[in-house]
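Peer 1: Quick one: structure below, then a few questions.
Residue numbers (the numbering used here): 32 to 125.
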């Protein structure tokens, strides 16, 4: 992405995002989208200890990612978190 500065020169914005710090950067993406019934162990191992694991998980939850391993959690595990959050919101407004 380029912008024109007040001096008129073209500058590149080199802002890094959480994805730039992820353990999975450069890892084969298919590892995080295993076939139904296949092991998720190896993908979760990549996530273990990742400095942006929480950001990754939150991204998946907020954006409704339904497939793959995000933030070290499977689709089923994320679905449980979404349900718990929805229940907590309903309880808070009741």
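Note that CB positions come from ideal geometry on N, CA and C, so glycine has one too.
Quick caveat: nothing in here was measured; it's all calculated off a predicted structure.
Alpha helix (DSSP H) containing residue 75: first to last residue?
Peer 2: The residue labelled residue 75 in the question sits at position 44 within the chain shown. Unbroken alpha helix (DSSP H) run through residue 75: 72 to 78.
Peer 1: How should residue 71 be labelled, buried or exposed, when 16 other C-beta atoms within 10 angstroms of its C-beta is the threshold for buried?
Peer 2: Locating residue 71 in the chain shown gives position 40, counting from the first residue. Residue 71 should be labelled buried.
Peer 1: List the whole-angstrom C-beta distance separating residue 91 from residue 111, where the pair is believed to meet the contact cut-off of C-beta under 8 Å.
Peer 2: As a first step, residue 91 must be located in the chain shown, where it is residue number 60. As a first step, residue 111 must be located in the chain shown, where it is residue number 80. That pair is no contact at about 13 Å.
Peer 1: In or out: residue 88 buried (at least 16 other Cβ within 10 Å) or exposed?
Peer 2: As a working mapping, residue 88 is identified with position 57 in the chain shown. Buried.
Peer 1: Who are the near neighbours of residue 121 in its chain, counting only those whose CB is closer than 8 Å to its CB and skipping five residues on each side?
Peer 2: Taking the first residue of the chain shown as 1, we reach residue 121 at position 90. For residue 121, where only same-chain residues beyond five positions count, there are no Cβ hits under 8 Å.
Peer 1: Looking only at its chain, what residues have a beta carbon closer than 6 Å to the beta carbon of residue 49, apart from the 5 residues adjacent to it on each side?
Peer 2: For the purposes of this step, residue 49 is taken as residue 18 along the chain shown, with counting starting at 1. So the list reads 83 and 86, once near-sequence residues are dropped.
Peer 1: Starting from residue 84, follow the alpha helix (DSSP H) in both directions and report where the run begins and ends.
Peer 2: Counted from its first residue, the chain shown places residue 84 at position 53. Residue 84 -> alpha helix (DSSP H) spans 84 to 93.
Peer 1: Do you know offhand how far residue 55's Cα is from residue 104's?
Peer 2: Looking up residue 55 in the chain shown gives position 24. Looking up residue 104 in the chain shown gives position 73. It is roughly 14 Å from the alpha-carbon of residue 55 to the alpha-carbon of residue 104.
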